[in-house]
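>
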């Protein structure tokens, strides 16, 4: 397979619907990294290593030296937003990065001005903005987004593009008939069907043009049969949903660990406080619903209570998000986990994570952009389950249970890379080390 | 291989040097489980499932239904201790389990009386006891232990035996010449060499007789060339060191998770408070040294700072154990972890684990006993690296770095079981699910 | 004044509307204390000391030896509940105390059977019960409660009675015209006015009969002009609102401490998890509103932001209560406090309180019963502000700001006791110690 | 008394032995406050209010508007240090304040250069420095310090001086014969008696000259009969020991709160991590001993176990300080408190304080300087017990138990100020509010 992966030649355009805290933190960061002012910590593509071969071979190249990824110097950024602030202004308002750092890349950031957004307050009531496209139908809006994409590509001389949704959480939507087939969907676009949310319009436009589309929010977006079908037709990699940061990251680290030891879980209470725009949007119950569904599924899918009712059958799982302005983007989570061990004796784990929302999300956007571009060049189209590693609520084939265990997700990602490049898959069996030893003695 | 594994017929004797909190919690628990009074939670052999085949096959048998393990009803317990209390008395003093539960299995526990221990205060100064073997040389002591083992086997009509060290932490010892070869070691036994600690005498006796020996403390014990060589000669499975419970368990869950995401770590401060006998022994600096070495190596081996100096090169790792009587066996840990992400921005994680030391350790003893007995019947001798999963400081082949990442340890353990039974190893690649899907559409 | 306090002769009946977790924990506890099975820890009247005179006099009697309180052996318990369980049954269901302890006082507890409650689901929708009085008007219900009170007094040969509300939180009510005067109120009783909640009917009945009434919930109850006026006419001590336990207790300890040092506060986020009946009632927004108002006022009243806008003008205070069944009565709170010091530099305090709701509340009921009985005998009628110490939202004279600082509340309570008994008030000035010293040198 | 307090006319010199993190944070802060760049948060003298008269009078002046304190604009700073860095350089190295802030007051800070210190490594082995006075005897060193003081006063045209010890913790010393009388002490100075530590030489020099001396470390320093006697002779206010910041501050807030409610305490485990110079000095056991004694006495003195053995007789109190460089000056404490309530049921409180050592200490130095200067002008000499509020281990008259309860300390401080100014002392009795009310109704 690795012989057939196209080289990453030319410029890669990364477009984000939403140029808020996450996207501006990404863009400012990449510019700072290019100037050697900082390191892209948290990005597996840039900082991570991968083991190849046997342990004794001692081969641990950086991932970026192992698979052919676009170089940071070849990246061009663009995006859409409901506010007309350029990226420098938006980053200053987001208050994630130090002003001193932002000033060091001011020229680069000021040059990036958002395109007008597809936006409708009936999907996000706690948000408002006037930098918005006007059109008679959703089909017209989709056309305008496609024009934006093609104009951007030409204006910036890009060889390839990817799109990563960095916008807010929309209200909760269930899949329905209009999402079933591409025909229904396109008719819905023309008829302004209410079950077609703005994020779906972006996704449709991208996939129609064969541009990889990754969904960083818990919205349905491209997780509907119509767009999965379209992705196959246009040979487009897609993936989602909801960047896995902070508390859910910790949950998908810890739950597999407890399960590994066959420890039971009676309850898991998760509370969050955050004061950024995301927190304000989620203060509205309709939008929180979408997030809650994404956050709650995690434990059940990891623990599989139906398989282990004695250990996980009674688990009470509750997640709360509280808007708390004093913390700004410095999201903080507190988890109480009630576990039980030998003979049912109870124990407790409390985790307090003082994290930074956009600092954790930005490198995920970068990795998804680079990996989905790689997938495109490797001819891998449709749902990219091997990128589950980055998502709270991974999009999978209809008959497959999503895998939330971050360690299985990591092995899947790593073995996919090894497979792409023709290396042996790793199973950690390793009995041979001891057979050699045996014979040697 | 699975065709050649002997059946687990007849009784299995589990002998523990040390009949304190951990061993009595194990024994009382197994008796309670036999009477259906409680569940063996925390034991992978009893409660855990294993996935076989493809995800869509939906095969997840219990491990005990998959590999031929000894049945709990076939287990007989025995052991050695420096106090002469029978197991009921010792369990009451340990205050781990509720008196009501202990009374429900009182008869079974009272029947188990400790054999006299091999003990020397110069290796554990905060412990004292008078139920101790007297002999002129360490060789004589080893002979007395071998006699104990054989007498126990006969008296209890056991088909097989295993020994799991459940005693205290001895003072810190470095490997030296006397540990190099079995000849040196046996001469040292005869000469009362000071570098031969009591735990080594038990290990020697067990291995000499071909009885699997697992080491639950951080002591050197069987992690010396002399005894590894002897284990090969007598075809005995051995393993160690130091049961992985509480804080280190959490550390080997969390550190791989942070590393998976290429998040940097600047500092990790770990504090423990506990008030049981183990805490009192570790209040002495010489014994704490042994424990500290075991606990500190964990992070370095997982994070491999030399491979990733930007992320882990500066890590400051400190572990403290504080004797705090009000908590008794309810060990509590508090960890502060200073991490950094995108562009070096810092974040903090605080973990407060209100655990129960012996409740976490007891099922580990059970699993090690059952798995080492399985290994013996499967003809696997020497170091059992696939049992690293259970140890803070896994014993490995001399040229191999120990694996501390609990998820890699788990895959190793599971793939070893699959390998034993002739099932496919699992790699989590899973691209085929999507090729099928692709063709189906 | 102390010459005129009546002796505490004869039996004291303590009646509680509500025989749930709190009241049964109180009753079982007092019976256990009488039998010397346990100590009444948490009760200032039983365990607390009070300093008298100068420090060098070394006079620190127990409070119960200093002021003439009813003896525990003279107490008789009774109450009303919407369930017909006797106190033993109710205590077993509440799962606060160990079954073994409850069995030790089983006979005493079984003998106490609840009288039928005044109850209306429109005030507490998450609660249901069938052990309820039926009558045409609220005036009739009040009459029935008065009959209950008098029958209890006679049947149990009580010299005196007190009533402490131990029932649930009712929906939020604002004071209105019907609460203004006793005439309006009595007319409202006859007309079934919806602003007269069940708790007010109990309060009215008690006060009308001159029986001290203390209100342990945040309900308005006796904090209305009509009942304050009636209390003056009938010379009845009254007090409220809402037992100060757990998180609010900590808040009124900590906030004065931070203020003492002129440290600023930017935000205070308080989360609670609890799984008892109280938690279930508060899961309904209408009932939570009542509790929230009670809990939120605390900080503002202590910190007085209008006086110190630089330090407390911007404080963002949020309180959340989450129903979480795995914890039962073991309420747990987590607070994040964002403070700032010298030059505005920020710091954080996190408090995790693993408390037990009813264990903290029970001794408060006892103290309020004994102190309000004392007040009655001392001729102190109307609002007992000196008992603010026990309440989340102390009832005060209309023109007075309530005092929430627990240390000022304590001094007020102690100096009131000293004043009652003719002892010097304590000011902690103490310059004289040094004048003596000066002269001595 | 208030008629006789001298006005605060002319300049006040504040001299600190030790120009490290605390003193430079103070100096930079005061300069920033003078320029209106920041607020002196945490300083009671600058930001605190005091209630006067009855609650209904609504009189709450700022303390600085109530008592005649020196104005910040009249303060001149100086000091001694073992390093020759000027205050700007030292502040930059201390890394407590942002470089941007320090640059805003750079000129003022650079102008302050330390005088050579009295220093001897045998009292602080983890510290080294070459900016040190050389002399044959300790008496000569004392003379050199006195010359420094007088030269500073003249050079800076100061009307008055105060000295506050801001240096490190010395090794543990017990009071002995040389500390008994001023005669012995002065002979000891001449003979280089080893029990006379450097801090005592500064204290002697100050007191001899009638300059108020406050001791911010746990060292004995002026808490010896010889210097108390000298302070009386020279009419000099003195006070100590050990600035009450961070964990001990929290402890003296929380312990009185638990005691107020008659809650029992079984154990209190306190852990600290910090990475500044202070942490490094305390990493040496001899210096930690001094600190430990200061920190441990707090609980015992507040709880008085001998008076309340059922509640506090069994308390196990342990304090640990861990040097942890990643945190720098951002000291962090974690406390586990095991309490028990009604019938002995146990509960737990965990407090995690992410504080900043020097940020909490700096305003204490300012307040002590201003209040001790006030005391001098008010004719109050010797031990200033009313300043106990600021100390971990308050110096008191020999026959008096120190008061650690921060709320009693605050009332003592406030009532002392009221007493100085001829205002009524406050007792919080307040029954009169209700008598008025009673009559009004």
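Chains as they are written, first to last, in the numbering used here: chain A, 1 to 441; chain Y, 1 to 441; chain E, 1 to 441; chain D, 1 to 441.
Cβ atoms here follow ideal geometry from the backbone N, Cα and C, with glycine treated the same way.
Bear in mind the structure is a predicted one, so any value in this text is a computation, not a measurement.
Under 8 Å between the Cβ atoms of residue 305 (chain A) and residue 312 (chain A)?
For residue 305 (chain A) and residue 312 (chain A), yes; Cβs fall inside 8 Å.
> Smallest Cα separation from residue 224 (chain E): which of E:288, E:148, E:195, E:252?
With distances taken between Cα atoms, residue 224 (chain E) lies closest to E:195.
> Can you pull the chain A residues whose beta carbon is under 9 Å from the beta carbon of residue 334 (chain E), in chain order?
Ordered by position in chain A, the residues that pass the 9 Å Cβ test against residue 334 (chain E) are 271, 334, 336, 350, 352.
> Please confirm if residue 268 (chain A) has its CB atom under 8 Å from at least one CB of chain Y.
No, residue 268 (chain A) lies away from the interface with chain Y (no Cβ there is under 8 Å from its Cβ).
> Just by C-beta distance, which residues in the stretch 295-322 of chain E are closer than 9 Å to chain A?
Residues passing the 9 Å Cβ filter: 314, 315, 316, 318, 320, 322.
> Does the separation of the CB atoms of residue 126 (chain A) and residue 307 (chain Y) fall below 8 Å?
No; because the gap between Cβ atoms is not below 8 Å, this pair is not in contact.
> Measuring straight from C-alpha to C-alpha, what distance separates residue 221 (chain E) and residue 282 (chain E)?
Between residue 221 (chain E) and residue 282 (chain E), the C-alpha separation is close to 18 Å.
> Can a CB atom of chain A be found closer than 8 Å to the CB of residue 324 (chain E)?
Residue 324 (chain E) counts as touching chain A.
> What first and last residue would you give for the beta strand (DSSP E) that runs through residue 134 (chain D)?
No beta strand (DSSP E) contains residue 134 (chain D), which DSSP labels as neither H nor E.
> Excluding sequence positions up to five away, which residues of its chain have a Cβ less than 6 Å from the Cβ of residue 264 (chain E)?
311, 340, listed in sequence order.
> Under 8 Å, Cβ to Cβ, is there at least one residue of chain A near residue 49 (chain Y)?
So, interface residue.
> Could you check how far apart the C-beta atoms of residue 81 (chain A) and residue 93 (chain A) are, in whole angstroms? I think they sit under 8 Å.
Not confirmed; about 11 Å, so no contact.
> Evaluate residue 367 (chain E) with the Cβ neighbour count: other Cβ atoms within 10 Å of its Cβ, from every protein chain shown; 16 or more gives buried, anything less gives exposed.
That one is buried.
> Helix, strand or coil for residue 118 (chain Y)? Go by DSSP, reduced to three states.
Residue 118 (chain Y) falls in the coil class under three-state DSSP.
> Could you please give me the residues that DSSP links to residue 16 (chain D) through a beta bridge?
Answer by DSSP bridge pairing, in chain order: D:79.
> Hey, out of E:331, E:329, E:349, E:328, whose CA is closest to residue 337 (chain E)'s CA?
For residue 337 (chain E), the nearest C-alpha among the options comes from E:349.
> Mapping the DSSP letters down to three states, classify residue 403 (chain A) as helix, strand or coil.
Residue 403 (chain A): coil per DSSP, three-state reduction.
> Name the residues in the stretch 392-403 of chain Y whose C-beta lies less than 9 Å from a C-beta of chain A; which are they?
Here the close residues are 396, 397, 398, 399, 400, 401, 403.
> Are there three or more Cβ pairs, one per stretch, closer than 8 Å when the stretch 349-358 of chain D is compared with the stretch 246-261 of chain D?
As far as the Cβ criterion goes, the stretch 349-358 of chain D touches the stretch 246-261 of chain D, which means the pair count is three or higher.
> Helix, strand or coil for residue 347 (chain A)? Go by DSSP, reduced to three states.
Note: residue 347 (chain A) maps to strand in three-state DSSP.
> By the three-class DSSP mapping on this structure, what secondary structure does residue 211 (chain A) have?
Note: residue 211 (chain A) maps to coil in three-state DSSP.
> Please report the residue range of the alpha helix (DSSP H) in which residue 188 (chain Y) lies.
Residues 182-191.
> By the 8 Å beta-carbon criterion, what residues does the stretch 81-94 of chain A contribute toward chain Y?
Of all residues in the stretch 81-94 of chain A, none has a Cβ within less than 8 Å of some Cβ in chain Y.
> Which residues in chain D have a C-beta closer than 7 Å to the C-beta of residue 276 (chain E)? List them in chain order.
Residues of chain D passing the Cβ test: none, with the nearest at roughly 15 Å.
> For residue 404 (chain D), I'd like the list of residues in its chain whose CB is within less than 6 Å of its CB, leaving aside the five on either flank, ordered along the chain.
Only 252, 298, 301, 302 meet the Cβ criterion.
> Taking the continuous alpha helix (DSSP H) assigned at residue 104 (chain Y), which residues delimit it?
It spans 99-104 - the alpha helix (DSSP H) in which residue 104 (chain Y) sits, taken as one unbroken run.
> Can you find the residues in the same chain that come closer than 6 Å, C-beta to C-beta, to residue 17 (chain E), ignoring five residues on each side of it along the sequence?
The residues are 80, 165, 167, 202.
> Pick helix, strand or coil for residue 6 (chain D), following the three-state DSSP scheme.
Coil at residue 6 (chain D), not helix or strand.
> Closer than 8 Å is the cut-off here; do at least three beta carbon pairs connect the stretch 8-25 of chain Y with the stretch 155-163 of chain Y?
Judged by Cβ distances under 8 Å, the stretch 8-25 of chain Y makes contact with the stretch 155-163 of chain Y, as three or more pairs qualify.
> Taking only three categories from DSSP, how would you classify residue 34 (chain Y)?
Residue 34 (chain Y): helix per DSSP, three-state reduction.
> Quick one: residues in its chain with C-beta nearer than 6 Å to the C-beta of residue 148 (chain Y), no 5 flanking neighbours on either side, listed in chain order?
Closer than 6 Å at Cβ, skipping near neighbours: 115.
> Report all residues from its chain with a CB closer than 7 Å to the CB of residue 77 (chain E); omit the five preceding and five following residues, and keep chain order.
Once the five neighbours on either side are set aside, the close Cβ partners of residue 77 (chain E) are 14, 27, 112.
> Assuming residue 260 (chain E) contacts residue 406 (chain D) (C-beta within less than 8 Å), just tell me the rounded distance between them.
Residue 260 (chain E) to residue 406 (chain D), Cβ: 6 Å. Contact.
> Helix, strand or coil, according to DSSP, for residue 156 (chain Y) in the structure here?
Of the three classes helix, strand and coil, the one that applies to residue 156 (chain Y) here is coil, per DSSP.
> Note down the Cα distance separating residue 436 (chain A) from residue 105 (chain Y), rounded to an integer number of angstroms.
For residue 436 (chain A), the pLDDT reaches just 47, beneath the cut-off of 50, and the residue's location in the model is therefore unreliable, although a value from the coordinates is still provided. Cα to Cα, the separation comes out at about 47 Å.
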